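Numbering (the UniProt record's numbering), first residue to last: 1 to 168.
C-beta atoms are modelled at their ideal positions from N, C-alpha and C, and glycine is treated no differently.
Please read these numbers as outputs of a predicted model, since none were measured by experiment.
Notes to accompany the following structure.
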């Protein structure tokens with residue numbers, strides 16, 4: 001028997017991470033079956049010093065732009081305001097600017113993401129919980145090493161270092 005076959009040889013944290021990834025995938029399948037199309041919002045939130053706000057979730061690896069799904073009956077703007085508050089205690093200090101609508105085929109054949117550029121301020125520190133492991137503002141030249149490639153591409157598009165894509 002190999003170590004991969006012996007689940008008891010896996011550390012508890014690895015089993016927990018696998019379980020969370022499975023649950024996220026299961027939820028995506030449910031959303032794909034229950035909705036004609038899924039729609040999400042993400043925001044590149046910049047503070048007064050020009051730093052970008054990133055979050056590290058407990059259930060997926062890497063640092064991401066804050067955001068989440070748009071629920072049935074909810075506007076994209078309402079979802080954006082809700083996600084910024086929930087994921088970072090962020091408030092917009094000016095109107096959001098829609099950057100691009102992306103197709104995210106890695107999630108399903110029906111997922112689209114609206115990316116906004118937002119000037120924002122944090123109203124209070126955001127502690128860790130079951131969803132957010134950590135978060136904070138980062139200088140664009142010094143992003144966390146595990147910032148996802150998609151996040152890096154979006155920021156490169158915003159700074160003019162890369163052309164806008166239509167794929168997340």
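Residue i, buried or exposed, once every other Cβ within 10 Å from all chains shown has been counted against 16
i: residue 160; result: exposed
i: residue 22; result: exposed
i: residue 101; result: exposed
i: residue 87; result: buried
i: residue 133; result: exposed
Residue i in three-state terms, based on DSSP
i: residue 63; result: strand
i: residue 148; result: coil
i: residue 84; result: helix
i: residue 143; result: coil
i: residue 157; result: helix
i: residue 75; result: coil
i: residue 164; result: coil
i: residue 70; result: coil
Contact set for residue i: own chain, Cβ-Cβ below 6 angstroms, skip 5 residues either direction
i: residue 99; result: 115 and 117
Residues sharing a beta bridge with residue i, DSSP
i: residue 57; result: 132
i: residue 44; result: 117
Unbroken beta strand (DSSP E) run spanning residue i, endpoints
i: residue 111; result: 111 to 122
Contacts around residue i, its chain only, beta-carbon distance under 7 angstroms, and the 5 residues preceding and following it disregarded
i: residue 51; result: 137, 138 and 139
Residues near residue i by beta carbon distance below 8 angstroms, same chain, minus five either side
i: residue 130; result: 58
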